[in-house]
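Visitor: When you read off a place in the sequence shown, starting at 1, and then add 1, the result is the number in the working numbering.
Ideal Cβ placement from N, Cα and C applies to all residues, glycine included.
Please find one structure pasted underneath; my questions will follow.
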Amino acid sequence: MKKLATITLTIILMALLSSSLFAAGVNDTVVLKLHAYIPERTTFTADEFGFQVASNAYNFTYSVFEQGMDRTLFVVAN
């Protein structure tokens, strides 16, 4: 019974303290700055019309060499 009373008292105190913390900044303006790293990703897809490139990185160059029915993709990382 004593353990249940301690747990109940702890929950009530946590609820009271957390509600006062969240209610304190209701009318204040806050600036939140996020710093994140977006990894570079490049996808080359080949179909009957040629190569499709989807990328968020700009540190490479590519070229396509066609001879007859053969296509060769050259990719150079900068």
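(1) Roughly how far, in whole angstroms, is the beta-carbon of LEU35 from the beta-carbon of PHE52, given that I think they are within contact range, below 8 Å?
(2) What is the rounded straight-line gap between the Cα of ALA37 and the Cα of LEU5?
(3) Would you say PHE61 and THR43 are within 9 Å of each other, going by their C-beta atoms?
(4) Tell me which residue opens and which closes the beta strand (DSSP E) that GLY51 is part of.
(5) Alpha carbon to alpha carbon, how far is ASN57 from VAL32?
Guide: Here's the rundown:
(1) Not quite, the Cβ-Cβ distance comes to about 35 Å (not below 8 Å), so this is no contact.
(2) 44 Å
(3) yes
(4) 51-56
(5) 28 Å
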